[in-house]
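For reference, the structure discussed in these notes is given below.
Number of protein chains: 2
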Amino acid sequence: MTFAERAPLRYPATVENPAGNSRFVLVCEHASHCLPEVWGDLGLPEDLRRAHIAWDPGALGLSRALARRLDAALVHAPVSRLVYDCNRAPDQPGAMAERSEMHAIPGNIGLSPEERAARTAAVYAPFHADLRAEIVRRIAQGSAPVLVTIHSFTPLWHGLPRRVEFGIIHDRDDRLARAVFAESRDSGLVCGLNEPYSAADDVTHTLRLQALPYGLANVMLEIRNDLIATPEAEEAMADRLAPILGRALAALPAPQGAG
Amino acid sequence: MTFAERAPLRYPATVENPAGNSRFVLVCEHASHCLPEVWGDLGLPEDLRRAHIAWDPGALGLSRALARRLDAALVHAPVSRLVYDCNRAPDQPGAMAERSEMHAIPGNIGLSPEERAARTAAVYAPFHADLRAEIVRRIAQGSAPVLVTIHSFTPLWHGLPRRVEFGIIHDRDDRLARAVFAESRDSGLVCGLNEPYSAADDVTHTLRLQALPYGLANVMLEIRNDLIATPEAEEAMADRLAPILGRALAALPAPQGAG
Chain A
542 MTFAERAPLR YPATVENPAG NSRFVLVCEH ASHCLPEVWG DLGLPEDLRR AHIAWDPGAL
602 GLSRALARRL DAALVHAPVS RLVYDCNRAP DQPGAMAERS EMHAIPGNIG LSPEERAART
662 AAVYAPFHAD LRAEIVRRIA QGSAPVLVTI HSFTPLWHGL PRRVEFGIIH DRDDRLARAV
722 FAESRDSGLV CGLNEPYSAA DDVTHTLRLQ ALPYGLANVM LEIRNDLIAT PEAEEAMADR
782 LAPILGRALA ALPAPQGAG
Chain B
542 MTFAERAPLR YPATVENPAG NSRFVLVCEH ASHCLPEVWG DLGLPEDLRR AHIAWDPGAL
602 GLSRALARRL DAALVHAPVS RLVYDCNRAP DQPGAMAERS EMHAIPGNIG LSPEERAART
662 AAVYAPFHAD LRAEIVRRIA QGSAPVLVTI HSFTPLWHGL PRRVEFGIIH DRDDRLARAV
722 FAESRDSGLV CGLNEPYSAA DDVTHTLRLQ ALPYGLANVM LEIRNDLIAT PEAEEAMADR
782 LAPILGRALA ALPAPQGAG
């Protein structure tokens with residue numbers, strides 16, 4: 542029995558601190574390495590099912606630590622990106638990747654259109670509908686939410702070390718990213734604007750989908766995962782980044798009154 | 542008891558012909574003048590609750606006639622725009638308009654943030670989640686859907702007659718709009734590109750929300766409502782417009798193979 546035959550399933554987004562008082566809405570698309578039983582092991586050994594190809598280690602812990610400091614809402618995805626990467630549109634190769642870094646993902650090779658549609662309906666569509674609901678509720682109430690997506694990246698990429706520690710990535714609207722970059726200069730971190738990825742790598746889907754249509758200030762953050770490898774390190778990184786985000790937001794022009 | 546206290550309500554989008562074989566997905570945000578009882582009469586007399594301020598007369602009939610000719614899916618909203626205009630973001634003044642043309646809408650004046658959020662959750666969020674689900678299912682299956690939103694406008698605006706009969710409106714991506722405009726030259730209709738409205742009037746929210754993030758070809762069509770005032774007129778207009786849409790789509794470069 543294929544997954545599609547067992548559908549419909551629906552994995553809603555997890556929403557923490559929805560009543561948070563700040564304008565920040567934090568998003569963690571790669572929060573979980575959970576592989577629901579219905580998809581089996583995708584043909585991967587356990588170590589790979591818990592490695593960076595399955596999730597962004599440290600990103601959820603850091604996101605929670607930031608949410609507490611900023612009194613922000615946090616929306617995260619409950620399913621491993623091995624099943625569906627919620628930061629990719631369904632036609633992007635990485636949405637249900639057949640390979641990640643040097644590893645083949647056997648359970649994703651040659652998916653039928655029906656299985657692709659079933660995973661999209663089960664994971665991607667509910668995640669983005671639930672995130673959208675959080676965003677539009679705030680807009681309807683007269684707030685101007687600020688979208689910050691939080692990711693981590695590996696210290697090594699195809700065997701080469703990465704120098705950058707804190708990457709700040711923007712799409713078409715670069716206001717908040719440039720402000721975060723400016724406020725990061727004394728952070729003690731090696732910062733990179735549009736490093737180690739950029740919108741040209743098609744990694745800004747959530748920003749395009751959730752922030753740009755509403756004109757919301759937005760940024761994608763990438764933290765090198767060796768710097769957030771323990772709960773203590775996550776907290777320490779949040780101590781560094783929360784004031785940067787606060788100052789960056791304060792440096793933006795006030796939102797236009799709406800409605 | 543306010544509406545917010547009676548929430549949560551959820552008015553899903555109506556989806557017709559979801560298995561349609563063409564790439565067209567037709568959208569009619571202003572299909573219905575239905576005012577669910579929970580919102581009362583908004584302080585309007587019955588004639589205004591059935592007038593253009595409440596819906597786009599003829600747009601749904603024309604959409605259905607086009608869907609049959611094109612074998613297209615059709616997604617339409619079940620609630621009057623007097624409650625929530627699904628072609629507006631929650632912070633746009635027209636989302637829950639206090640005025641429309643020369644008429645005040647008493648039931649929309651001074652809405653609390655909670656009532657604005659409740660209407661957004663009841664009408665706007667489910668409509669766009671359901672439309673999104675139709676779109677991403679097609680993308681996941683390897684199709685490249687084409688979004689066409691269908692509207693009607695009044696022959697008179699603040700007492701002045703409008704000359705245009707068929708308006709073709711685009712947002713940032715003008716590929717399909719220009720193709721439709723080119724193919725309309727021999728239609729016998731007075732055509733206008735970005736008439737009687739344009740993106741500068743903030744009328745392209747659905748295109749921005751549903752088509753641009755996925756790079757889908759898209760266009761907004763506006764038909765003068767005196768030309769689609771009867772079922773026969775709707776069918777006759779569909780006879781004119783369906784071949785134009787088909788030729789316009791055929792004139793576009795083939796979509797990039799994806800995923």
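Going down the list, the sequences are from chains A and B.
Just add 541 to the spot in the first sequence (first one is 1) and you have my numbering.
Just add 541 to the spot in the second sequence (first one is 1) and you have my numbering.
Cβ atoms here follow ideal geometry from the backbone N, Cα and C, with glycine treated the same way.
Note that the coordinates shown come from a computational prediction; the quantities given were computed from them, not determined experimentally.
I want to verify the contact list: residues of chain B whose CB lies under 7 Å from the CB of A/Tyr755, in sequence order.
Residue numbering aside, residue 755 of chain A sits at position 214 when the first sequence is read from its first letter. The contacting residues are Ala630.
Buried or exposed (CB count within 10 angstroms, at least 16 for buried), A/Glu656
The residue given as residue 656 of chain A occupies position 115 in the first sequence. By the 10 Å Cβ count, A/Glu656 comes out buried.
By Cβ distance, which residues of its chain are closer than 8 Å to A/Leu589, with the 5 residues on each side in sequence left out?
Along the first sequence, read from residue 1 onward, the residue named residue 589 of chain A stands at position 48. Closer than 8 Å at Cβ, skipping near neighbours: Ala595 and His644.
Can you give, in chain order, each stretch of the alpha helix (DSSP H) that sits fully within the segment 579-619 of chain A and has at least 4 residues?
587-590 and 600-611
Distance, Cα to Cα, B/Ala670 vs A/Asn628?
Sequence index remark: in the second sequence, residue 670 of chain B carries index 129 (1-based). Sequence index remark: in the first sequence, residue 628 of chain A carries index 87 (1-based). Straight-line Cα distance between these residues: approximately 17 Å.
Between which two residues does the beta strand (DSSP E) harbouring A/Leu734 extend?
Translated into the one-based positions of the first sequence, residue 734 of chain A becomes position 193. From DSSP, the beta strand (DSSP E) with A/Leu734 extends over Cys732 to Leu734.
Could you tell me the distance, in whole angstroms, from the CA atom of B/Ala560 to the CA atom of A/Arg719?
Taking the second sequence and counting its residues from 1, the one referred to as residue 560 of chain B is at position 19. Taking the first sequence and counting its residues from 1, the one referred to as residue 719 of chain A is at position 178. If I take the Cα positions, the gap works out to 45 Å.
Classification of A/Asp742 by the beta-carbon crowding that lies within 10 angstroms, buried from 16 upward
Along the first sequence, one-based indexing puts residue 742 of chain A at 201. It counts as exposed.
Per DSSP, which one or two residues make a beta bridge with A/Ala645?
Working through the first sequence from its first residue, we reach residue 645 of chain A at position 104. A/Ala645 is bridged to A/Arg640.
Contact set between B/Gly683 and chain A, taken where Cβ atoms lie within less than 8 Å
In the second sequence, the residue the question calls residue 683 of chain B occupies position 142. Ordered by position in chain A, the residues that pass the 8 Å Cβ test against B/Gly683 are Asp632, Pro654 and Arg657.
Note down, in chain order, each residue of its chain lying with its Cβ closer than 6 Å to the Cβ of A/Leu734, except the 5 sequence neighbours on either side.
For this step, residue 734 of chain A is matched to residue 193 along the first sequence. Within the same chain, A/Leu734 has close Cβ partners Ile709 and Phe722.
Hey, how far is the Cα of B/Arg591 from the Cα of A/Ser725?
Walking along the second sequence from the start, residue 591 of chain B turns up at place 50. Walking along the first sequence from the start, residue 725 of chain A turns up at place 184. Cα to Cα, B/Arg591 sits roughly 56 Å from A/Ser725.
Identify every residue that forms a DSSP beta bridge with B/Phe565.
Start at 1 with the first residue of the second sequence, and residue 565 of chain B comes out as number 24. Paired residue(s): B/Val687.
Checking contacts by CB at 9 Å: is B/Arg716 closer than that to chain A?
As a working note, residue 716 of chain B is residue 175 in the second sequence. No, no contact with chain A.
Neighbour-count burial assignment, A/Asp780, 16 or more Cβ in a 10 Å radius:
Along the first sequence, read from residue 1 onward, the residue named residue 780 of chain A stands at position 239. By the neighbour-count rule (16 or more Cβ atoms within 10 Å), A/Asp780 is not buried but exposed.
Return yes when the Cβ of B/Leu717 is within less than 9 Å of the Cβ of B/Val760, no when it is not.
Counting from one through the second sequence, the residue named residue 760 of chain B turns up at place 219. Counting from one through the second sequence, the residue named residue 717 of chain B turns up at place 176. Yes.
Taking 9 Å as the CB-CB limit, is B/Met542 close to chain A?
To locate residue 542 of chain B, count along the second sequence from 1; it is residue 1. Note that B/Met542 scores 47 on pLDDT, short of 50, meaning its location in the model is unreliable; the coordinates nonetheless yield the value given after this. No, because no Cβ of chain A sits closer than 9 Å to the Cβ of B/Met542.
At which residues does the beta strand (DSSP E) containing A/Gly708 begin and terminate?
Along the first sequence, read from residue 1 onward, the residue named residue 708 of chain A stands at position 167. Counting along the chain, the unbroken beta strand (DSSP E) around A/Gly708 starts and ends at Phe707 to Ile710.
List, from N- to C-terminal side, the alpha helix (DSSP H) runs of 4 residues or more that fit wholly inside the segment 657-702 of chain A.
666-681
Taking beta-carbon pairs under 9 Å, can you tell me which members of the segment 738-762 of chain A lie near chain B?
Answer in chain order: His746, Arg749, Leu750, Gln751, Leu753, Pro754, Tyr755 and Gly756.
Delimiting residues of the beta strand (DSSP E) encompassing B/Glu763:
Taking the first residue of the second sequence as 1, we reach residue 763 of chain B at position 222. First-last of the beta strand (DSSP E) with B/Glu763: Asn759 to Arg765.
Is it the case that the segment 638-654 of chain A contacts the segment 762-778 of chain B, given that we only count it when at least three CB pairs across the two stretches are under 8 Å?
No, they do not touch.
Anyone know if the C-beta pair for B/Val566 and A/Pro631 falls short of 9 Å?
Position 25 of the second sequence holds residue 566 of chain B. Position 90 of the first sequence holds residue 631 of chain A. Going by C-beta atoms, B/Val566 is not nearer than 9 Å to A/Pro631.
Determine, using beta carbons only, whether B/Glu570 and B/Thr661 come nearer to each other than 9 Å.
Your numbering for residue 570 of chain B matches position 29 in the second sequence. Your numbering for residue 661 of chain B matches position 120 in the second sequence. Going by C-beta atoms, B/Glu570 is not nearer than 9 Å to B/Thr661.
Given that B/Arg678 touches chain A, what residues does it touch there, using C-beta distances under 7 Å?
As a position in the second sequence, residue 678 of chain B is number 137, starting the count at 1. Those are Ala658, Thr661 and Ala662, listed as they occur along chain A.
In the DSSP assignment, what are the bridge partners of A/Thr555?
Residue 555 of chain A sits at position 14 when you count from the first residue of the first sequence. A/His617, per the DSSP bridge assignment.
As a quick exercise: from B/Leu623, B/Leu701 and B/Ser684, pick the residue whose alpha carbon is nearest that of A/Gln633.
Here residue 633 of chain A is taken as the residue at index 92 of the first sequence, counted from 1. Residue B/Ser684 is the option with its Cα nearest to A/Gln633.
Restricting to Cα atoms, I'd like to know which of B/Val568, B/Arg564 and B/Ser563 is closest to B/Leu672.
Here residue 672 of chain B is taken as the residue at index 131 of the second sequence, counted from 1. Comparing Cα-Cα distances from B/Leu672 to each of B/Val568, B/Arg564 and B/Ser563, the minimum goes to B/Val568.
Counting contacts by CB-CB distance shorter than 9 Å, is B/Ala554 in contact with chain A?
Walking along the second sequence from the start, residue 554 of chain B turns up at place 13. Output row for B/Ala554: interface = no.
Tell me, to the nearest whole angstrom, how far the beta carbon of A/Ala600 is from that of A/His692; I am working on the premise that it is less than 8 Å.
Residue numbering aside, residue 600 of chain A sits at position 59 when the first sequence is read from its first letter. Residue numbering aside, residue 692 of chain A sits at position 151 when the first sequence is read from its first letter. About 6 Å; that satisfies the 8 Å criterion.
Smallest Cα separation from A/Phe694: which of A/Gln682, A/Asn766, A/Leu757 and A/Leu623?
Residue numbering aside, residue 694 of chain A sits at position 153 when the first sequence is read from its first letter. Selection A/Gln682, A/Asn766, A/Leu757 and A/Leu623 evaluated against A/Phe694 yields A/Asn766 as nearest (Cα-Cα).
Three-state secondary structure (DSSP) of A/Leu782
As a position in the first sequence, residue 782 of chain A is number 241, starting the count at 1. DSSP, read as helix, strand or coil, puts A/Leu782 in helix.
Can you name the start and end residues of the alpha helix (DSSP H) that B/Val721 belongs to?
Numbered from 1 along the second sequence, position 180 holds the residue referred to as residue 721 of chain B. Arg716 to Glu724 is the extent of the alpha helix (DSSP H) around B/Val721.
DSSP three-state assignment for B/Ala795, whether helix, strand or coil
Taking the first residue of the second sequence as 1, we reach residue 795 of chain B at position 254. Per DSSP, reduced to three states, the secondary structure at B/Ala795 is coil, with no helix or strand assignment.
Taking just the CA atoms, how far does A/Gly787 sit from B/Pro584?
Residue numbering aside, residue 584 of chain B sits at position 43 when the second sequence is read from its first letter. Residue numbering aside, residue 787 of chain A sits at position 246 when the first sequence is read from its first letter. The sequence given here places Gly at residue 584 of chain B; Pro does not occur at that position. Their Cα atoms are separated by approximately 44 Å.
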